[in-house]
Every structure is written in structure tokens, then in C-alpha cells.
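This report concerns only the one structure given below.
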């Protein structure tokens, strides 16, 4: 069990640029979640996958955001035309299944995005 | 609507003191799940405990204990004989519905500093 891995750890980009983050969940975990955390706040749910299917999206996930999990293993989160308000820590989590009430979520260290 | 309130933004104690972190929640569901997570400076959220709405028994795990009171919609967390390694941000979270929804709603967190 190597834990949930997120890359990069930090990303600085200029407003208007596109960025992509990667999350590698714990192997054999079929559920994968993305959360966003801004300074001084708790994490906010963005979306989750069961295997390769994206089953729920928060209204926080605007049209500029897209997440994929093409083979049911790693996932990518892309933000197009970044805005300063996108600056945050993006957290990925995985679980073996059954939702957070059955299986605790295992979180990665996050990707910190700064939009200048 | 579901909501989690952690009124204490920051707490500072001296090592070996006991400290209680407060959590008050709001939900319309009769079935729900409550969680505590720890976020050390490294950023990775660490699961501490999960509690369902039908189990009001208090729980103790080593120096950690949790007091769940449905009458006051509270799920407080006590650390006994605090240690410097307990310094972190602690989040309370809620998941609604039978089996729990996929979404965790987090409070804003309480930053605990334990001084030597």
C-alpha cells in the first residue's frame, strides 16, 4: 500500500492557462474522489468516480473543469482558462468501495495551484 | 441542507493538557454519518473515526475520545494529555442518507497547536 499519489505537488500558472493534475489511487480502490480546499476552509467535494464512470459532479465544477479516469486507475483533473479564484489545494482520495460511510477515504497530499 | 460548524478556529495548549474540539452539525436526515479527520502540515488528511447516527456510544481510542450527542447535534473530540505531534488541523465532516452519500461535507477546521 503506497498511498494515494498526486502530481505535481505545486503548480504556478498564469491566468488563462490550462493546467492538468494527476492522481494515482491506492491499487484496487475502485472509488476515486476530487476535493478542493481553499485557505482556512475545509475540503469541498468536486466529483467522484466508480471505476471509469464519473457518477457525481458538484455544481462547483464549472464547465472549465473536467475530470477523467479512463481505465479506472489513475485520474486527471484539468482546468481550462484558469482564473485567480481557482487557486486552491486540489485533493484526491480513494476508497475500496461502498462510499465514505463504509470505507474511510484515503487522501493524497494534494496539488497546490497558484494562479497569478 | 447539511452543515458542519467548528466554532473554534485555533486552539493553543501546552503539552500534557487535555483539549476538546467542538463540532456541531445540521441535517434533515435521520440516517447520517459523522467523521473526524486530521490534517498535519504535510497536507494529507488522515481518517480518525466514523460514527453513524444510530450509535450514540462514546468511543475511546488511546488518548482520543469522542462524545456524540444527538440531542445537541454535537460530535466533540477530546485529546487527553496532548503531545506536540497532535499539532494539526482537525476537521469534522458529515455524510447524509442511508448508506451515506458519496459527498462529505466538512467544517472549516480547528487548528490545534501543542507547545512543548
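Residue numbers (my numbering), protein chains in the order written: chain A, 3 to 118; chain B, 4 to 119. The beta-carbon is built from N, C-alpha and C at its ideal position, and this holds for glycine as well. None of the values given here were measured: they were computed from a predicted structure.
The beta-carbon distance between residue 33 of chain B and residue 56 of chain B, rounded to whole angstroms, is 7 Å. This is short enough to meet the 8 Å contact definition.
Excluding five sequence positions before and after residue 61 of chain B, the CB atoms of its chain that fall closer than 8 Å to its own CB belong to 68, 69, 70 and 71, given in chain order.
Not a single CB atom of chain B sits nearer than 8 Å to the CB of residue 9 of chain A. One finds nothing in chain B with a Cβ atom closer than 7 Å to the Cβ of residue 63 of chain A; even the nearest lies about 12 Å away.
Chain B places no beta carbon closer than 8 Å to that of residue 72 of chain A, leaving this residue out of the contacts.
Shown here for residue 13 of chain A: same chain residues with a beta carbon closer than 8 Å to its own, the five before and five after excluded, namely 21, 23, 113, 114, 115 and 116 in chain order. Counting only runs that start and end inside the region 14–101 of chain B, the beta strand (DSSP E) elements of at least 3 residues fall at 22–24, 27–29, 35–42, 49–55, 62–64, 67–72, 77–82 and 91–99.
Counting C-beta pairs closer than 8 Å gives three or more between the region 21–39 of chain B and the region 83–102 of chain B, which meets the contact rule. For residue 112 of chain B, the closest Cβ of chain A is nearer than 8 Å.
Just measuring C-alpha positions, the residue of A:68, A:93, A:25 and A:59 sitting nearest residue 81 of chain A is A:68. Secondary structure of residue 26 of chain A (DSSP, three-state): strand.
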